[in-house]
Amino acid sequence: MSLPASDRTKQADGRTTMELGDVLPLTAEVRGKRLYIGGVDMVELAREQGTALWVFDEADLRNRMETYLHAFRSRYERSDVIYASKAFLNKAVLSLVREEGLCLDVSGGGELACARAAGFPMDRVFVHGNNKTPQELTEAISAGVGRIVVDSRIELARVSEIAGRLGVTQDIYLRITPGVEADTHEYVRTGCEDSKFGFTMLEDFAYTCIKDALEAPHVRLKGLHCHIGSQIFALHSFREAAEVMIEFMARIRDGYGYLIEELDLGGGLGIAYTADDKPSSIDEFAEVTTQAVKDCCARYDLPLPRLLVEPGRSLVANAGVTLYTVGILKTLPNIRKYVAVDGGMSDNIRTALYHANCEPVIANKADEPRTEIVTLCGKHCESGDAVVIDMPLQHPDLGDIVCVFATGAYNATMASNYNGQPRPGIVFVKDGQSRLVTRRETYDDLMARDLEG
Ligand SMILES: Cc1ncc(COP(=O)(O)O)c(C=O)c1O
2 MSLPASDRTK QADGRTTMEL GDVLPLTAEV RGKRLYIGGV DMVELAREQG TALWVFDEAD
62 LRNRMETYLH AFRSRYERSD VIYASKAFLN KAVLSLVREE GLCLDVSGGG ELACARAAGF
122 PMDRVFVHGN NKTPQELTEA ISAGVGRIVV DSRIELARVS EIAGRLGVTQ DIYLRITPGV
182 EADTHEYVRT GCEDSKFGFT MLEDFAYTCI KDALEAPHVR LKGLHCHIGS QIFALHSFRE
242 AAEVMIEFMA RIRDGYGYLI EELDLGGGLG IAYTADDKPS SIDEFAEVTT QAVKDCCARY
302 DLPLPRLLVE PGRSLVANAG VTLYTVGILK TLPNIRKYVA VDGGMSDNIR TALYHANCEP
362 VIANKADEPR TEIVTLCGKH CESGDAVVID MPLQHPDLGD IVCVFATGAY NATMASNYNG
422 QPRPGIVFVK DGQSRLVTRR ETYDDLMARD LEG
């Protein structure tokens, strides 16, 4: 794994922090030379808590949750927003999700255990995963989760059997692969035909399995689910998915005489990682999906189902930033300038994984224009270990505090201890106050599970 060749033609954009637009968390501002988020000085916070550090703007998180709910409910009465906790999970964010009235998507026993520990209402929990173990299913069903999203025929039999053993009837969805090629990176595309997820519609497999679900003794088929991928900019993919799903619901009504009551269209709305990204807004997403569902239901004379969406990234990514300290500077003539920070692929795997990029600024020079092109490399033993590749930055000096934006989704949850790196702490900031909501790992944590030696 290595970095892509440096683009020598790239010019620094000269932007200052506040010119980075949609990338910034809601309350980002520059006071004097310094970057503030939630009214808190990021340079002071880095000094107090150490770096690397994940910081979340609580007002931004709440604002996006409210925007999502309002965008859907104002257009479509019977709708719900499910937060996909794989994007970012700790007890603090679960409290916000609960307070704001969203439902919760958990994938697997660990996320479910976290939701239970946080006291999240189990009837608002949706359980996902393409290979939930019998143990995880047992935990979910006995906890009384709202819906299990069944991903395969084998799992359908398993859920019915476990529910029977526990003496309950479990509400389920079937996850359908709608065959829609979402316009996004192939690693995060999930709704196309060749996918490990869900029931394929090829050779009428999904349709046949609906019958199995209707006949299974201890489950109640409440709805259908699809999720076509992540970081999607082109809204037509969501419209196409909705059309396929509703046509399928009409076929189920006509063929089996059964009305599907609920439709979950998954997550996937893209966000701005760089200042030039122009994603669709939450409102535009809601407009396209609710209109598609209404149009299609009218076409097939179907009553409107309860409609659900399942965003992760677009709820938390821009609310989160990562603070690092510059430790080493290295300029390779005619190749690139490396700015080494005290983290890397252990706290941000997205860059190494798919050369995703983010916008950096120096928090103690936040008012200055970004005049250099740099690669923010990490401290790990991989050539491909970088946080930002060939992006503009203010002139860096040793000890500067770098803030990398839009790192709130799939960073903390995909973090590792590679090279024995303790994972960063997580701080929520709001109204001039900061609170450490997840402490930094210690060296002792790294060895806590070792039983010998
Ligand atoms: C089933 C399911 N729902 C929702 C999501 C959330 O997607 P996003 O974070 O792109 O909104 C994912 C992400 O992988 C997913 O697999």
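The numbering of the sequence shown is my numbering, which starts it at 2 and goes up by one.
Beta carbons: idealized from backbone N, C-alpha and C, even for Gly.
The structure displayed is predicted, hence computed values, not measured ones.
Residue range of the beta strand (DSSP E) that residue i falls in?
i: tyrosine 411; result: Careful: tyrosine 411 lies outside any beta strand (DSSP E) and carries neither H nor E.
i: proline 473; result: What the structure shows of the chain is the stretch from 2 to 454, and residue 473 is not part of that stretch, so it cannot be assessed.
i: lysine 331; result: 321-333
i: phenylalanine 127; result: 126-129
i: alanine 341; result: 337-342
i: glutamate 373; result: 373-378
i: valine 143; result: Looking at the sequence itself, residue 143 is serine, so the reference to valine does not match. It is not in any beta strand (DSSP E) - serine 143 instead sits in the alpha helix (DSSP H) that spans 135-144.
i: arginine 148; result: 148-151
Considering only heavy atoms of ligand 1, does any lie closer than 7 Å to the CB of residue i?
i: arginine 148; result: no
DSSP puts residue i in a beta bridge; with which residues?
i: histidine 226; result: Arg176, Asp265
i: aspartate 401; result: According to DSSP, aspartate 401 bridges with nothing at all.
i: alanine 116; result: According to DSSP, alanine 116 bridges with nothing at all.
i: threonine 201; result: Thr178
i: leucine 309; result: Asp81, Asp265
i: cysteine 104; result: Ile83
i: glycine 426; result: Leu54
i: isoleucine 233; result: Leu270
i: lysine 295; result: Note: lysine 295 sits in no beta bridge, so no partner.
i: glutamate 30; result: Tyr37
i: glutamine 434; result: Lys431
i: proline 361; result: Val405
i: threonine 439; result: Ile427
i: valine 220; result: Gln171
i: aspartate 368; result: None, per the DSSP bridge assignment.
i: aspartate 42; result: Tyr37
Would you kindly check if the distance between the Cβ of residue j and the Cβ of residue i is under 8 Å?
i: arginine 148; j: isoleucine 173; result: yes
i: valine 289; j: phenylalanine 249; result: no
i: valine 60; j: threonine 18; result: Residue identity check: residue 60 is alanine in the sequence provided, not valine. Not in contact: alanine 60 and threonine 18 (Cβ atoms no closer than 8 Å).
i: phenylalanine 198; j: asparagine 131; result: yes
i: alanine 318; j: alanine 72; result: no
i: glycine 345; j: threonine 323; result: no
i: valine 150; j: valine 128; result: yes
i: glutamate 285; j: leucine 236; result: yes
i: alanine 293; j: alanine 243; result: yes
i: alanine 85; j: leucine 113; result: no
Hey, could you find the ends of the alpha helix (DSSP H) residue i is sitting in?
i: arginine 351; result: 350-355
i: lysine 212; result: 206-216
i: arginine 63; result: 59-74
i: serine 315; result: 314-317
i: aspartate 162; result: It is glutamate, not aspartate, that sits at residue 162 in the sequence shown. Run containing glutamate 162: 154-167, per the alpha helix (DSSP H) assignment.
i: leucine 447; result: 444-448
Chain-ordered list of residues that sit, by beta carbon, closer than 5 Å to a heavy atom of ligand 1
Ala85, Ala88, His129, His228, Ser231, Gly267, Gly268, Gly269, Glu311, Pro312, Gly313, Arg314
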